[in-house]
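Numbering (full-length UniProt numbering), first residue to last: 1 to 138. What follows is a single structure, written as structure tokens, with notes after it.
Quick look at the structure:
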């Protein structure tokens, strides 16, 4: 199974982590923590905001991919909530401020962008689709 669909609830993060553990190939284990971090950051946003507290679902996919002649681990999150491009619409964190003075928001998306080699968003047929590519560790 290359994809998992879960109810949009925080308590589903454990199921997603188990799914990721089963899908990350041995040659990508060096970046497994990056994939889990990105998954958690993106899914917490979906679970918290996409459905205004109502019922909904999120679908995650994780598989090896080849892009531009290089090996990557592909990871995606799809939801059917409000259209939202986290890479464009999330606030940019002011990293020059210490944590006590920094406004809330945007740091998770910043981390996702930092740990992935490539990130994309699109809205298609009523779905928000975030796709990440993680470079194979050397």
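We put the beta carbon where it would ideally sit given N, CA and C, even for glycine.
So residue i and residue j are supposed to be a Cβ contact under 8 Å. How far apart are they, rounded?
i: residue 72; j: residue 2; result: In fact, because the Cβ distance is near 15 Å, the residues do not count as touching under 8 Å.
i: residue 27; j: residue 56; result: Contact doesn't hold; Cβ gap of about 34 Å is too wide.
In its own chain, which residues sit with a C-beta less than 7 Å from the C-beta of residue i, not counting the 5 before and 5 after it?
i: residue 51; result: 8 and 81
i: residue 16; result: 4, 6, 39, 43 and 60
i: residue 123; result: 83
i: residue 46; result: 8, 58, 77, 79 and 81
i: residue 20; result: 35, 36, 39 and 62
i: residue 126; result: 80
i: residue 12; result: 6
Based on the DSSP secondary-structure assignment, which residues constitute the bridge partners of residue i?
i: residue 119; result: 132
i: residue 74; result: 63 and 133
i: residue 79; result: 58 and 128
Under 8 Å Cβ to Cβ from residue i, same chain only, skipping five residues before and after it: list those, please.
i: residue 99; result: For residue 99, the predicted model reports a pLDDT of 46, less than 50, meaning its position is unreliable and no value from the coordinates is stated.
i: residue 139; result: Outside the displayed span of the chain (1 to 138) sits residue 139, for which this structure offers no information.
i: residue 41; result: 108, 109, 111 and 112
i: residue 66; result: 72
i: residue 96; result: Legend: pLDDT at residue 96 = 48, less than 50; position of this residue unreliable, value from coordinates given subsequently. If we look at residue 96 and ignore the five residues flanking it on each side, it has no Cβ neighbours.
Below 6 Å CB to CB, which residues in the same chain sit around residue i once its five sequence neighbours on both sides are set aside?
i: residue 30; result: 137
i: residue 121; result: 85, 87 and 130
For this session: May I ask you to verify whether the region 79-86 touches the region 20-39, counting CB pairs closer than 8 Å and requiring at least 3?
Result: no
For this session: May I have a chain-ordered list of the alpha helix (DSSP H) segments no shorter than 4 residues that lie completely inside the region 2-39?
Result: 13-23
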